[in-house]
Every structure is written in structure tokens, then in C-alpha cells.
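This note's numbering numbers the first residue of the sequence shown as 3 and each following residue consecutively.
Following: one structure in C-alpha cells, then a few remarks.
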Amino acid sequence: MIPYSKQSISSQDVEAVCDALRSSHLTQGMRVVEFEKRVARVACMPSALALNSATSALYVAYRVLGIQPGDEVITTPNSYVATSNMLLALGAVPVFCDIKSDGNIDENLIESLITPKTKAIVSVDYSGKSVAVKEIADIAQRRHLLWISDSSHSFGGSYCNQMIGSFADATVFSFHAIKTITTAEGGAVIFKDDSLTERARMLHSHGVQKGRLWNSEVEEFGFNFRLNELSAALGISQIQKLQAFVDKRRVLVEFYDNFFKSLDWVETLSQDSSIQSTHHLYPILLHSSLWCAKEDIFELLWQHGIGVQVHYKPINSYKCYGADTTKTTKAQEFYLAELSIPCHQEMDIVDAQRVAKKIQETCEKFL
Numbered sequence: 003m004i005p006y007s008k009q010s011i012s013s014q015d016v017e018a019v020c021d022a023l024r025s026s027h028l029t030q031g032m033r034v035v036e037f038e039k040r041v042a043r044v045a046c047m048p049s050a051l052a053l054n055s056a057t058s059a060l061y062v063a064y065r066v067l068g069i070q071p072g073d074e075v076i077t078t079p080n081s082y083v084a085t086s087n088m089l090l091a092l093g094a095v096p097v098f099c100d101i102k103s104d105g106n107i108d109e110n111l112i113e114s115l116i117t118p119k120t121k122a123i124v125s126v127d128y129s130g131k132s133v134a135v136k137e138i139a140d141i142a143q144r145r146h147l148l149w150i151s152d153s154s155h156s157f158g159g160s161y162c163n164q165m166i167g168s169f170a171d172a173t174v175f176s177f178h179a180i181k182t183i184t185t186a187e188g189g190a191v192i193f194k195d196d197s198l199t200e201r202a203r204m205l206h207s208h209g210v211q212k213g214r215l216w217n218s219e220v221e222e223f224g225f226n227f228r229l230n231e232l233s234a235a236l237g238i239s240q241i242q243k244l245q246a247f248v249d250k251r252r253v254l255v256e257f258y259d260n261f262f263k264s265l266d267w268v269e270t271l272s273q274d275s276s277i278q279s280t281h282h283l284y285p286i287l288l289h290s291s292l293w294c295a296k297e298d299i300f301e302l303l304w305q306h307g308i309g310v311q312v313h314y315k316p317i318n319s320y321k322c323y324g325a326d327t328t329k330t331t332k333a334q335e336f337y338l339a340e341l342s343i344p345c346h347q348e349m350d351i352v353d354a355q356r357v358a359k360k361i362q363e364t365c366e367k368f369l
């Protein structure tokens, strides 16, 4: 089976985790501190806060920036539900904006959704490709809105030669098992205003402010969102291979782009020379004539050892969000067309050739 994505764990990674396991601190030690420094360095920012998941990082980012009950937040339906779930957790109201053909939020539609209740924009770097940073930053500045970037897919990517993590008021990264690098489960948040990091640090550890000796204070509640030392050790080891991982994915992407461009029943996402994607996903978009056969295609590919997946069922199609996609028709069509095909650093060109040929063979049975 060739899965759509897969972690890459070396003996160096295993030894790093074992060293942490043998150490005196399994949590709240210096490995987390070191990992945070390295995450910040990749993003070219002063500091980062590591957490136990990107979901936790989203919650902390929203809360620190002041998202409150009743606030409307413009966001994309084309993401994992965590992006919007953490808004609901704070009593905010997600307002879904339709997407472009690359799967990212359509910046040209954002202003039409702004009301007096709008507090923020939450974008997602779908598949690892940055959103239109300049345009979204301009809207946020002119309309006095916060901007949070869910960059769970794009750690190590860049926009106009500037690293992802340095644009929005807050940027969230994911280090889930199959992201660009992994801490098994984990995430991070970076604030443009570095002074906000310390409040975030307090909230991610029960809201406790440590004082002298055993004395401490809690002025506002928080949670245990801490990353442990074992995960941090893995992250430190993995981050040293970040660029190599991304480079391997780019080789596969170049092959796929060339292979699929001659086939009239499929489209791939456009590449932009000003954006360096991390290619967390490689989505293909099936022609509408194949949409009704998509489940059959999916199952056949799995039977042949090609572990495709779908990213994503639109968030606003879930009952929790009203099950209404009528205002985001492009996102719904994207969902009907999309298949994420295997693309990760554990593959080589021979694997990619097998994947591409089997997809062609399978899909053409239904034309």
C-alpha cells in the first residue's frame, strides 16, 4: 500500500526520542524550549509556542487575540473541522467564504461578507500553498480585522521569498504524524506581536503564573496543552530534515504535473513561482463526468494499493454547521472533484509512476 502521506522516521529520530525517555524530564524540560527556538527560526520570527496539537494552538491563538462570543469570523469551508471547531468553542460564529480553484479562500469575496460583527479572518494554506497574503493583509488592515493563518499544511513554505509564519497576527502550524515534519501529535503558534506569546504560554498550562518557590497565581483559566519532551525530541530531530523532505515532495510534484497535464479528464492545482508550497497534499480534480463514479474509483484504487484520500468534506456541510453549502458552491464542487493522491518523502519516482498509471487506468474505465 502506498498511502497518500506517511511519516518518515529514521534511526536518528528513534535515538532522539529514546534519549528523552532516559532523561530526568519527560515534560516541561529544555527539549521543548529548543524545539520552539527552531520552529521560530524556520519562520524567521522571534519566538514560537509549542503545543500538543494544532487544534490547541488554534484555540490559544483565537483566545489571546480576543475572539469572543458572538464575533463573526470569516473563514474557509475547505479545511479540517478543527479550524472552525475552535471558533465554536469560544462562542464565535464562523462565516464561510467560498474558495478558488487552488482550494484556498477567495480573497476577492471576503469583503462582501464583512458586517459590523466581523472580528477576524481565518485563512488556511490548503495543501501547503500560501493564500494571497498581500490581498488578505490589506483587507485586514483597511477593515481593522484580525488575521489568523491556519498554516497547518505549510510549515517550511514561503510567499514572495518570505517564510510562512511572519504575515498574520497569529500563525498556527501542525506537526501531526503526516505533516511536513512530525512530533507524532503537536502544533505551534507564532504571534506577529511577540509580547502576546507569554500570555499564550500561560493559557497553554492551566493559566498558572508561577511565583517564588511553590507560590503561584491563576487570573484566567487555561488548559494542559503542553507538548511533552519526547515529542519535542522527535521534532528537533525532524526539523533538521525539513528542507530535504520538502525537496523530495517537489520532485514528485513535478512528475505528477507533467504526467496529468495531457489528460483531459483531470486537473491539477496551478503552481505559482512566487509561492513555495510544502506540498503536504497533492490533490487532483476529476472532471465532472467522473464525480458519480468517485466512490468506485476510490475503492478500486485502495484495492490496488493506492491509498488515496479526500480533502475535505466542506465544514459547512456538517450538521453542526447547518449542513448548507448553497453559498459556497465552488467549495462543494471542489469536494466532489478532489482526490488526494500519494505524495510524500518516503516515495520515489517509481512509486509515483505506479500511482499515476494506476489512477489513469482506473479512471478511464469510467469514461
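Note that beta-carbon positions come from the ideal geometry of N, C-alpha and C, so glycine has one too.
Small disclaimer: the values here were computed from a predicted structure and weren't measured.
Three-way DSSP call (helix, strand, coil) for N226 in this model: strand
Proximity of I286 and V268 at Cβ, strictly below 8 Å: yes
Cβ-based burial, H27 [other Cβ within 10 Å; buried from 16]: exposed
Presumed contact (8 Å Cβ cut-off) between T280 and G130, rounded CB distance: 4 Å
Helix, strand or coil at I180 according to DSSP, with G and I counted as helix: coil
Reference K321, options K102, N87, Q211, F336, closest by Cα: N87
Proximity to L147 [Cα-Cα], best of G159, I123, P96: I123
Identity of the residue in F227, M3, A94, G209 nearest E221 by Cα: G209
Cα-Cα separation between N110 and A134, rounded to whole angstroms: 10 Å
Residue range of the beta strand (DSSP E) that includes I107: No beta strand (DSSP E) contains I107, which DSSP labels as neither H nor E.
Contact check, L89 vs P79, beta carbons under 8 Å: no
For F157, three-class secondary structure by DSSP: coil
Collapsed DSSP secondary structure at S319 in the structure displayed: helix
Range covered by the beta strand (DSSP E) that runs through Q143: That residue, Q143, is in no beta strand (DSSP E); its alpha helix (DSSP H) goes 135-144.
Boundaries of the alpha helix (DSSP H) in which D373 is found, first to last residue: Given that the chain is displayed from residue 3 to residue 369, the structure contains no residue 373 and the question cannot be resolved.
Burial state of I351, where buried means 16 or more other Cβ atoms lie within 10 Å: exposed
Coil, strand or helix - F37 by DSSP: helix
For S26, three-class secondary structure by DSSP: coil
Assigned exposure category for C345 - 16 Cβ within 10 Å defines buried: buried
C-alpha distance - S154 paired with R24, whole-angstrom precision: 31 Å
Cβ-Cβ separation, D171 to F1 (assumed contact under 8 Å), whole Å: The chain is shown from 3 up to 369; residue 1 falls before or after that span and cannot be answered.
Integer Cβ distance of R33 from A235, believed to fall under 8 Å: 5 Å
Spatial distance of E335 from L341 (CA atoms): 12 Å
Under the three-state DSSP convention, the category I241 falls into: helix
Cβ neighbour criterion (16 or more within 10 Å) applied to T2: The chain is shown only over 3 to 369; residue 2 falls outside these bounds and no answer can be derived.
Own chain, CB closer than 6 Å to V83, minus 5 neighbours either side, in chain order: I317
Residue of W216, L254, I183 minimising C-alpha distance to S239: I183
DSSP-derived helix/strand/coil call for M47: coil
Y6 in three-state terms, based on DSSP: coil
Top-ranked residue by Cα proximity to L292, from M349, Y258, I69, T364: T364
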